[in-house]
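In numbering that gives the first Met the number 0, the protein residues as written are 0 to 405.
Below is one structure, written out as structure tokens, with a few remarks after it.
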Amino acid sequence: MKRIEGGVTAPTGFQAGGVFVGLKHKKKDMAMIYSASPCRAAGVFTTNVVKAAPVLWNRQVVTSGVPCHAVVINSGIANACTGKLGMQYCEETAREVESVMGCEKGSALVCSTGVIGKQLPMDKICQGIGLLKDAMAEGPEGGHAAAEAIMTTDTKPKEIAVSFTVGGRTATMGGMCKGSGMIHPNMCTMLCFITTDCAISKEMLQKALSDDVVDTFNMISVDGDTSTNDTVLLLANGQAGNPVIEAEGEDYDAFCEALHEVMVDLSKKIAGDGEGASALFEVQVIHAETKEQARLLSKSIVTSSLTKAAVFGHDANWGRILCAMGYSGAEFDPDQTDIYFKSQGGCIQIVKDGMAADYSEEEATEILSFPEVTAIADIHAGEEEATAWGCDLTYDYVRINADYRS
């Protein structure tokens, strides 16, 4: 497996584009991903009881088993808490995509992100679908335009592509995502779209996605708010020509490795671009008794507002980390816990056996001053581990969210 240029248009047969239709101010606000070849689709969605209309629509499409050809996405308006009319607009959008792109009924997925409670201006949405047809491109520029168009408070587009070998053939996988605030997926506002030309059955595609999201997107947090719109969609059009992956084995493992690479990268891009963030904050819990124990502990640390504020202030306030571990719901022995901080500036132990280690505050501050900071908690209980990603908590987070609708 290797990293290559591009995003969702890197796999053979996929096109994408992004256009401006007036949902946002002077920024691209509609995107589409399209494959002329039918795609098998998998998806995972928010567990928030309040689900946006596109989440309900896409869940129906994915579970129907009908091959998919297109995903259309708008930013600026979430189409959440919009009642029956919101669902009607999803259907109208999908039918318009199918008509304009010439694909079969039931083959279009619809996603939205932005302000909750507003109805979609369908005249602009339908106009945008026509514009998107003309904007479709197969090269990196098409994928990049789409990645730009799905942004809301994101400061930069988020893309990745990798190539890998399955069944003696080279396959490609590409992805893009958006998310900066209201990020605490539990399957943000978070949307992720992954494309691949690998031939794989629908059942194995869904299994790979559902299994991997547990240790990737479900392990990130910016602010602890699980969105109404969280969606990850994975489309496979089979154009790589490999024997169809229908069971676990060497080819399935290669596919899962590529998927994990893509999803970890996109997860970290979201966490590092959290609203107002100045640092990516990674938390590793090692030598845990069980995987679930490690997940609970690492997620609790990365979501602690006090710990996030300390990272922003470059303050090695380790008491906040132990405290967050203590209320995580996971059992562990604090008297056997060691804690370290690590960055490009070095690595320093700040806690030994649940008490302050003999360390230099100045050195710790220097290590915490880098744009990517890792906290490592070693609980000496077993061989399992887990990693969570978040960001520091800055003054700008409040400013951005106080002004979000205006």
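Cβ atoms here follow ideal geometry from the backbone N, Cα and C, with glycine treated the same way.
All of these numbers come straight from a predicted model, not from anything done at the bench.
Relative to the C-alpha of residue 308, which residue among 367, 78, 359 and 252 is closest?
-> One-based indexing of the sequence shown puts residue 308 at position 309. Nearest C-alpha to residue 308 among 367, 78, 359 and 252: 367.
Pull up the CB-CB distance for residue 54 and residue 230, whole angstroms please, since I reckon it's below 8 Å.
-> On the sequence shown, position 55 is the one that residue 54 refers to. On the sequence shown, position 231 is the one that residue 230 refers to. Yes, residue 54 and residue 230 are in contact; Cβ-Cβ is about 6 Å, under 8 Å.
In angstroms, rounded to a whole number, what distance separates the CA positions of residue 264 and residue 155?
-> Residue mapping note: residue 264 aligns to position 265 of the sequence shown, counting from 1. Residue mapping note: residue 155 aligns to position 156 of the sequence shown, counting from 1. Cα to Cα, the separation comes out at about 14 Å.
My understanding is that residue 12 touches residue 158, with C-beta atoms under 8 Å, so please give their C-beta distance in whole angstroms.
-> One-based indexing of the sequence shown puts residue 12 at position 13. One-based indexing of the sequence shown puts residue 158 at position 159. By a beta-carbon distance limit of 8 Å, residue 12 does not contact residue 158. Their separation comes to about 18 Å.
Where do the ends of the alpha helix (DSSP H) carrying residue 398 lie?
-> Within the sequence shown, residue 398 is the residue found at index 399, counting from 1. Looking at the DSSP string, the run of the alpha helix (DSSP H) that includes residue 398 is 394–401.
Can you check DSSP and say which residues form a bridge with residue 17?
-> In the sequence shown, counting from the first residue as 1, residue 17 sits at position 18. DSSP lists 30 as the beta-bridge partner residues of residue 17.
For residue 255 versus residue 293, is the C-beta distance shorter than 8 Å?
-> Against the sequence shown, residue 255 aligns to sequence position 256. Against the sequence shown, residue 293 aligns to sequence position 294. No.
Could you have a look at residue 118 and say whether DSSP puts it in helix, strand or coil?
-> Counting from one through the sequence shown, the residue named residue 118 turns up at place 119. Per DSSP, reduced to three states, the secondary structure at residue 118 is coil, with no helix or strand assignment.
Cross-strand partners of residue 191 (DSSP beta bridge) = Walking along the sequence shown from the start, residue 191 turns up at place 192. Within the DSSP bridge table, the entry for residue 191 names 176 and 231 as partners.
Do you know offhand how far residue 233's Cα is from residue 223's?
-> As a working mapping, residue 233 is identified with position 234 in the sequence shown. As a working mapping, residue 223 is identified with position 224 in the sequence shown. Those two C-alpha atoms are separated by around 25 Å.
Could you name the residues of the same chain whose beta carbon sits closer than 7 Å to that of residue 43, not counting the 5 residues immediately before and after it, in chain order?
-> In the sequence shown, counting from the first residue as 1, residue 43 sits at position 44. For residue 43, where only same-chain residues beyond five positions count, the Cβ hits under 7 Å are 186, 208, 209, 212 and 231.
Any idea which residues DSSP pairs residue 279 with across the strands?
-> By one-based count along the sequence shown, residue 279 stands at place 280. Per DSSP, 371 and 390.
Going by C-alpha distance, which of 197, 398 and 269 is nearest residue 165?
-> Locating residue 165 in the sequence shown gives position 166, where the first residue counts as 1. The alpha carbon of residue 165 has as its nearest neighbour, out of 197, 398 and 269, the alpha carbon of 197.
Identify, in the order they occur along the chain, each residue of the same chain with its Cβ nearer than 6 Å to the Cβ of residue 119, setting aside the five sequence neighbours on each side.
-> Taking the first residue of the sequence shown as position 1, residue 119 is located at position 120. Closer than 6 Å at the Cβ level, and outside the excluded window around residue 119, lie 76, 78 and 88.
Where does residue 208 sit, in a helix, a strand or coil, going by DSSP?
-> Here residue 208 refers to the residue found at position 209 when the sequence shown is read from its first residue. Here residue 208 sits in helix by DSSP.
CB of residue 219 within 8 Å of CB of residue 278, strictly | On the sequence shown, position 220 is the one that residue 219 refers to. On the sequence shown, position 279 is the one that residue 278 refers to. Contact: no.
Sequence-distant residues of the same chain with beta carbon closer than 7 Å to residue 14, five excluded per side = Working through the sequence shown from its first residue, we reach residue 14 at position 15. Closer than 7 Å at Cβ, skipping near neighbours: 8, 33, 135, 136, 137 and 141.
Step through the CB atoms of chain B and report whether any lies within less than 8 Å of the CB of residue 288.
-> Note that chain B does not occur in the displayed structure, where there is just one protein chain.
Following the continuous beta strand (DSSP E) through residue 348, name the residue where it begins and the one where it ends.
-> In the sequence shown, counting from the first residue as 1, residue 348 sits at position 349. Unbroken beta strand (DSSP E) run through residue 348: 345–351.
Alpha helix (DSSP H) segment containing residue 96, residue limits | Here residue 96 refers to the residue found at position 97 when the sequence shown is read from its first residue. It spans 82–100 - the alpha helix (DSSP H) in which residue 96 sits, taken as one unbroken run.
In terms of residues, what are the limits of the beta strand (DSSP E) holding residue 76?
-> The residue you call residue 76 lines up with position 77 of the sequence shown. Looking at the DSSP string, the run of the beta strand (DSSP E) that includes residue 76 is 67–76.
Hey, residue 161 and residue 1: beta-carbon distance below 8 Å or not?
-> Position 162 of the sequence shown, counting from 1, holds the residue named residue 161. Position 2 of the sequence shown, counting from 1, holds the residue named residue 1. Contact: yes.
CB-CB under 7 Å to residue 323, same chain, minus the five flanking residues each way: which ones, in chain order?
-> The residue given as residue 323 occupies position 324 in the sequence shown. So the qualifying residues of the chain are 299, 300, 303 and 306.
Mark residue 392 as exposed unless 16 or more other C-beta atoms lie within 10 angstroms of its C-beta, in which case mark it buried.
-> To locate residue 392, count along the sequence shown from 1; it is residue 393. Its Cβ being crowded by 16 or more others within 10 Å, residue 392 is buried.
Taking C-beta to C-beta, are residue 150 and residue 36 nearer than 8 Å?
-> Working through the sequence shown from its first residue, we reach residue 150 at position 151. Working through the sequence shown from its first residue, we reach residue 36 at position 37. For residue 150 and residue 36, no; Cβs fall outside 8 Å.
Drop a sphere of 10 angstroms on the beta-carbon of residue 346, count the other beta-carbons inside from all chains shown, and report buried for 16 or more, exposed for fewer.
-> By one-based count along the sequence shown, residue 346 stands at place 347. The residue is exposed, with fewer than 16 neighbouring Cβ atoms inside 10 Å.
If you compare alpha carbons, which of 99, 111 and 362 is closest to residue 131?
-> Translated into the one-based positions of the sequence shown, residue 131 becomes position 132. For residue 131, the closest alpha carbon among the candidates 99, 111 and 362 is that of 99.
Taking C-beta to C-beta, are residue 258 and residue 228 nearer than 8 Å?
-> The residue given as residue 258 occupies position 259 in the sequence shown. The residue given as residue 228 occupies position 229 in the sequence shown. Cβ atoms of residue 258 and residue 228: not closer than 8 Å.
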